[in-house]
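Peer 1: My numbering puts the first residue of the sequence shown at 1, with every later residue one more than the last.
Following this message is one structure expressed as C-alpha cells.
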Amino acid sequence: MEKLLRCRTIAFLLGITMFYTGCSEEEEDENPTINNNADAAIQTALNNGTSLEEILDSNSKTKLYGKTYEGGYIAYINESNRLVLICAAVDIADQVAFSDGGNFSLSASTSSNAGQGQSNTDKIIGELGSTGNVAALCNSFSTGGFSDWFLPSKTELGYFRSNVFKKELGNFPGGQTNAKYYWHSTIISCPEATQFVTGTQTCVSSANVRAARYSFY
1 MEKLLRCRTI
11 AFLLGITMFY
21 TGCSEEEEDE
31 NPTINNNADA
41 AIQTALNNGT
51 SLEEILDSNS
61 KTKLYGKTYE
71 GGYIAYINES
81 NRLVLICAAV
91 DIADQVAFSD
101 GGNFSLSAST
111 SSNAGQGQSN
121 TDKIIGELGS
131 TGNVAALCNS
141 FSTGGFSDWF
151 LPSKTELGYF
161 RSNVFKKELG
171 NFPGGQTNAK
181 YYWHSTIISC
191 PEATQFVTGT
201 QTCVSSANVR
211 AARYSFY
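Written as C-alpha cells, this is what we have:
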C-alpha cells in the first residue's frame with residue numbers, strides 16, 4: 001500500500017520546473033495511470049516554457065521522446081552535445097522520387113550517424129540543386145515558426161520510427177500496419193528508404209518524406 005500511494009503521487013509546479021513522480025521507471029511502467037500523468041506533466045511543463053535542461057535534471061531523456069516541441073516531436077536527445085532531434089509533425093510529400101533527374105551517383109560521402117542529416121542534406125543539394133529533389137524539399141520546408149528543416153540521416157530516421165512512430169504519434173499515414181517507406185539522406189550505392197512497419201532498408205523508386213530539424217539546450 002505504501003508503494004502504491006508513493007507511486008500515485010504526481011506533483012508538479014507548472015511553469016516553475018518541478019514535477020515529481022515519486023517512483024522508479026520500472027514502477028511507473030507497471031501502472032499506466034502513473035505513466036500517463038507523468039507524461040502529461042512533462043508536456044505541460046514544455047508548453048509552459050520550462051527548459052529541457054531543467055526537465056532532464058529530474059527525468060531520463062527517454063521520458064521526453066514523443067513530446068511536442070519546437071515544431072514537431074522530440075525523437076532523440078544527445079546529452080553529450082545537448083542536441084535535440086525533432087521530427088516534423090506531418091509528412092511533406094507522399095510517394096515521390098528522390099530526384100526528378102532519376103538515377104544519379106553522389107560523389108560526396110554522406111553519413112548514417114545522428115547529427116549528420118543537415119550536413120548530408122547540404123551535400124545532396126550541392127550536387128543535385130536547390131529544387132527537384134527531396135533534400136531540397138526539406139530545406140525549403142517551414143512550419144511552426146521554424147524553417148531550418150533537413151532530410152534526416154539513416155540513424156535519425158530510425159529514431160523517428162522507434163521514438164515517435166512506435167509510440168503511435170506523428171500522424172504517419174497507414175499507421176502501425178500500413179505505414180510507408182521514408183527517404184533518408186544516407187546514400188551508399190543508391191538512395192535508400194526505410195519501411196516504417198518492418199524497419200527494412202531498401203532502394204525504392206518512390207517514398208514519403210518526413211523532415212527533421214535540430215535544437216540545442
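In this text, a Cβ means the ideal position worked out from N, Cα and C, and glycines have one as well.
Quick one: give me the first and last residue of the alpha helix (DSSP H) that Ile55 is part of.
Peer 2: It spans Leu52 to Leu56 - the alpha helix (DSSP H) in which Ile55 sits, taken as one unbroken run.
Peer 1: Assuming Ile86 and Tyr69 make a contact with CB atoms under 8 Å, what is their CB distance in whole Å?
Peer 2: Rounded, the Cβ-Cβ distance is 6 Å, consistent with contact.
Peer 1: Based on Cα-Cα distance, which residue from Leu137, Glu54, Thr155 and Tyr159 lies nearest to Ile74?
Peer 2: When only C-alpha atoms are compared, the closest one is Tyr159.
Peer 1: If you drop the 5 nearest sequence neighbours on each side, which residues of the same chain put their C-beta closer than 6 Å to that of Ile77?
Peer 2: Same-chain partners within the cutoff: Lys61 and Val84.
Peer 1: Say yes only if the C-beta of Glu79 is nearer than 6 Å to one or more non-hydrogen atoms of the ligand COA, and no if none qualify.
Peer 2: Questions concerning the ligand COA fall outside what the structure shown contains, since it holds no ligand whatsoever.
Peer 1: So, do the stretch 124–139 and the stretch 46–62 have three or more beta carbon pairs nearer to each other than 8 Å?
Peer 2: Counting Cβ pairs under 8 Å, fewer than three are found: no touch.
Peer 1: What span of residues does the alpha helix (DSSP H) with Val84 cover, start to end?
Peer 2: First-last for Val84: Leu83 to Ala88, but that is the beta strand (DSSP E), not the alpha helix (DSSP H).
Peer 1: Can you list, in chain order, the residues of its chain whose CB lies under 7 Å from that of Val90, leaving out five sequence neighbours each side?
Peer 2: Excluding residues within five positions, the ones whose Cβ falls inside 7 Å are Asn171.
Peer 1: By Cβ distance, which residues of its chain are closer than 8 Å to Asn222, with the 5 residues on each side in sequence left out?
Peer 2: The first residue shown for the chain is 1 and the last is 217, placing residue 222 beyond what the model contains.
Peer 1: Are Thr200 and Ser112 closer than 7 Å when you measure CB to CB?
Peer 2: The answer is no: Cβ separation not under 7 Å.
Peer 1: Taking Gly72 as part of the beta strand (DSSP E), name the residues at either end of that continuous run.
Peer 2: Its beta strand (DSSP E) spans residues Gly72 to Asn78.
Peer 1: What are the uninterrupted segments assigned as beta strand (DSSP E) that are 3 or more residues long and contained completely in the stretch 79–164, given in chain order?
Peer 2: Listed in chain order, the complete beta strand (DSSP E) runs (minimum 3 residues) inside the stretch 79–164 are 83–88 and 93–96.
Peer 1: For Val96, which option in Tyr214, Val204 and Phe216 has the closest C-alpha, if you only look at C-alpha atoms?
Peer 2: Here the closest residue by C-alpha is Val204.
Peer 1: Under 8 Å by Cβ, that's how I've got Ala88 and Ala193 pegged, so tell me the actual separation to the nearest angstrom.
Peer 2: So it is not a contact: roughly 16 Å between Cβ atoms.
Peer 1: Consult DSSP for Asn208 and reduce its assignment to one of helix, strand or coil.
Peer 2: Strand.
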